[in-house]
Amino acid sequence: MGAATIVTLIGVFLVVAALAGYLITIAATLRDVSFTLGTVIIGVRAIANQTA
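All residue numbers in the sequence shown are consecutive under my numbering, ending with 104.
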């Protein structure tokens with residue numbers, strides 16, 4: 053393998069690692085948003101049941 057191949061592989065690895073990091077961050081944020089949304093929906097349903 054030449055030097056250009058090694059540099060290319062390192063570059064690809066860095067890009068894939070960065071994308072994986074961003075995807076993990078997005079997944080964690082979506083999990084938090086989903087939990088919060090579920091909590092809000094439960095509250096809205098409780099209010100709707102009390103006023104019905």
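Every residue gets a Cβ at the ideal spot worked out from N, C-alpha and C, and that includes glycine.
Does DSSP classify residue i as helix, strand or coil?
i           : result
residue 73  : helix
residue 79  : helix
residue 104 : coil
residue 63  : helix
residue 54  : coil
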